[in-house]
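Asker: In full-length UniProt numbering, the protein residues as written are 1 to 159.
To start, I am sharing the structure in question, which I have written as structure tokens.
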Amino acid sequence: MQITIITVGKLKEKYLKQGIAEYTKRLGAYCSIQEIEVPDEKAPEQLSDAEMQQVKKKEGERILAKIGPDVHVYALAIEGKQRTSEQFATELDRLATYGKSKIAFVIGGSLGLAPEVIQRANDTISFSKMTFPHQLMKMILCEQIYRAYRINRNEPYHK
Numbered sequence: 001m002q003i004t005i006i007t008v009g010k011l012k013e014k015y016l017k018q019g020i021a022e023y024t025k026r027l028g029a030y031c032s033i034q035e036i037e038v039p040d041e042k043a044p045e046q047l048s049d050a051e052m053q054q055v056k057k058k059e060g061e062r063i064l065a066k067i068g069p070d071v072h073v074y075a076l077a078i079e080g081k082q083r084t085s086e087q088f089a090t091e092l093d094r095l096a097t098y099g100k101s102k103i104a105f106v107i108g109g110s111l112g113l114a115p116e117v118i119q120r121a122n123d124t125i126s127f128s129k130m131t132f133p134h135q136l137m138k139m140i141l142c143e144q145i146y147r148a149y150r151i152n153r154n155e156p157y158h159k
């Protein structure tokens with residue numbers, strides 16, 4: 001299975017880079033994993049609604065340019081569908097079983113995802129009703145993908 005994680009903005013925090021590197025290294029035993037960072041749109045702190053939409057649209061175009069037509073896309077969004085780790089593992093296993101070998105997870109920037117990205121997604125996923133920094137979300141996602149593979153192979157992993 002080929003998994004791609006597409007994020008907006010460059011990850012700067014060393015501790016997050018280290019955590020993500022650890023999980024992507026572990027995932028190497030189970031799948032091919034690729035990280036793509038698209039540039040975030042430079043914008044002032046205070047934006048009008050129209051300016052926010054424009055920023056999300058530009059970031060969305062950059063994201064969509066990285067997604068092929070044969071890719072199953074999960075958009076991470078606070079309003080997305082919540083799942084247990086076991087349900088998520090079952091979904092990934094089912095996708096692999098039915099020939100969906102290319103999966104992309106998309107994490108938007110600080111303003112979220114453009115409607116066009118949500119529309120392109122095959123599914124949405126939310127890890128909580130809480131808001132997390134998108135950089136931290138990348139590490140949480142990597143851990144949950146790793147956990148899913150461990151669950152699907154009945155391998156021990158802490159609960």
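No residue lacks a Cβ here, since even glycine has one placed at the ideal position from N, Cα and C.
Residues in the same chain with beta-carbon distance under 7 angstroms from Arg62, minus the five sequence neighbours each way, listed in chain order, please.
Answerer: Val38 and Pro39, listed in sequence order.
Asker: Can you look up Ile78 in the DSSP assignment and give me helix, strand or coil?
Answerer: Looking at Ile78 - three-state DSSP - the assignment turns out to be strand.
Asker: Which residue's Cα is closest to the Cα of Gln119: Ala29, His72 and Asn152?
Answerer: Checked all of Ala29, His72 and Asn152; the closest Cα to Gln119 is His72.
Asker: Going by C-alpha to C-alpha distance, which of Lys58, Glu51, Ile78 and Lys14 sits closest to Phe127?
Answerer: Among Lys58, Glu51, Ile78 and Lys14, the Cα nearest to that of Phe127 belongs to Ile78.
Asker: Are the CB atoms of Phe132 and Gln145 within a distance shorter than 8 angstroms?
Answerer: Correcting the residue identity first, residue 145 is Ile in this sequence and not Gln. Cβ atoms of Ile145 and Phe132: not closer than 8 angstroms.
Asker: Closest to Lys42 by C-alpha separation, out of Glu51, Gln34 and Ala148, would be which residue?
Answerer: Nearest of Glu51, Gln34 and Ala148 to Lys42, Cα basis: Glu51.
Asker: Rounded to whole angstroms, what is the Cα-Cα separation between Arg26 and Asn152?
Answerer: Taking the straight line from one Cα to the other gives about 15 angstroms.
Asker: If you measure between the beta carbons of Gln2 and Ser101, is that distance less than 8 angstroms?
Answerer: In this structure, Ser101 lies closer than 8 angstroms to Gln2 by Cβ.
Asker: Could you pull the start and end residues of the beta strand (DSSP E) that Val38 belongs to?
Answerer: Unbroken beta strand (DSSP E) run through Val38: Ser32 to Val38.
Asker: Leaving out five residues before and five after Asp123 in sequence, what residues of the same chain have Cβ atoms less than 6 angstroms from its Cβ?
Answerer: Hits under 6 angstroms: Tyr74.
Asker: Does the separation of the CB atoms of Thr142 and Tyr23 fall below 8 angstroms?
Answerer: For the sequence presented, residue 142 should be read as Cys rather than Thr. Yes.
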